[in-house]
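Heads up, the thing below is written out as structure tokens.
In UniProt numbering, the protein residues as written are 1 to 232.
Shown next, in the form of structure tokens:
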């Protein structure tokens, strides 16, 4: 999958082939440990793409209570809000040891202004992020609890499949509490729904490993064609 790291590398290579001036794209790879922040709310200057590992974004309220706003895996762009707002509106935290590609906003915007390929790729990346946010907001607004849980599992399934991994069997890098925070539910509700989905034979859970045994039935629940009332 093309990500912002590749975009920067291609832009720089083209620049080096056509101009003897120093490269203008500032890119570096950051190694990060589980639990550390990739960036903090209010920070300025850079956007990031996940190379390895999983990350969450979160907002801390005045009582330091966490509200999870997103989950990101390799290939995903994190912190795109800085391009519009001038600063990050949340924190990005590693859910496991990983790596991210950091690129200075000034370099990215400058290259997009000079290079059509860079501009088109940036527009595509930002368009995908806007679409993801709209999709998430709509689902949280218009669905009941079981559909939110199922929707997250199917989103993860699709994302793993897109990256060449199994769509049916994968690890949940987030905790139940983080899932609940993201979905706007209590941890008790999330745990109860996962248990009932397992009891109905739609999935199997062993620790963090999830196996989706009946994706059609899960999709039916998401589309309100299944027995939502019996599980929620």
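Every residue, glycine too, gets a C-beta built ideally from N, C-alpha and C.
A quick note: this is a predicted structure, and the numbers were derived from the prediction, not measured.
| Check | Outcome |
| --- | --- |
| Outcome for residue 56 when other beta-carbon atoms lying within 10 angstroms are tallied against a minimum of 16 | buried |
| Supposed contact pair residue 95 and residue 173 - C-beta distance, whole angstroms, cut 8 Å | 4 Å |
| Pairwise C-alpha distance: residue 36 and residue 100 | 12 Å |
| C-beta contact flag for residue 196 and residue 187 at 8 Å | no |
| Per-residue burial, residue 60 [other beta carbons within 10 Å of its own, 16 or more giving buried] | exposed |
| Where residue 82 sits in the DSSP three-state scheme | helix |
| Residues of its chain near residue 66, where Cβ-Cβ distance is below 7 Å and the 5 sequence neighbours each way are ignored | 58, 60 and 181 |
| Same chain, Cβ closer than 8 Å to residue 113, neighbours up to 5 away in sequence not counted | 119 |
| CB of residue 104 within 8 Å of CB of residue 77, strictly | no |
| Span of the alpha helix (DSSP H) around residue 164 | No alpha helix (DSSP H) holds residue 164; DSSP gives it neither H nor E. |
| Whole-angstrom distance between residue 220 and residue 111, CA atom to CA atom | 45 Å |
| Backbone CA spacing between residue 109 and residue 144 [nearest angstrom] | 40 Å |
| Neighbourhood of residue 222 by C-beta, 6 Å cutoff - its chain only, sequence neighbours within 5 removed | 147, 150 and 151 |
| Residue 70 beta carbon less than 8 Å from that of residue 283 | Missing from the structure shown is residue 283; the chain here goes from 1 to 232 and no further. |
| Among 157, 80 and 142, nearest to residue 123 - alpha-carbon criterion | 80 |
| Contained alpha helix (DSSP H) runs [length at least 4] in the segment 169-203, N- to C-terminal order | 176-183 and 187-199 |
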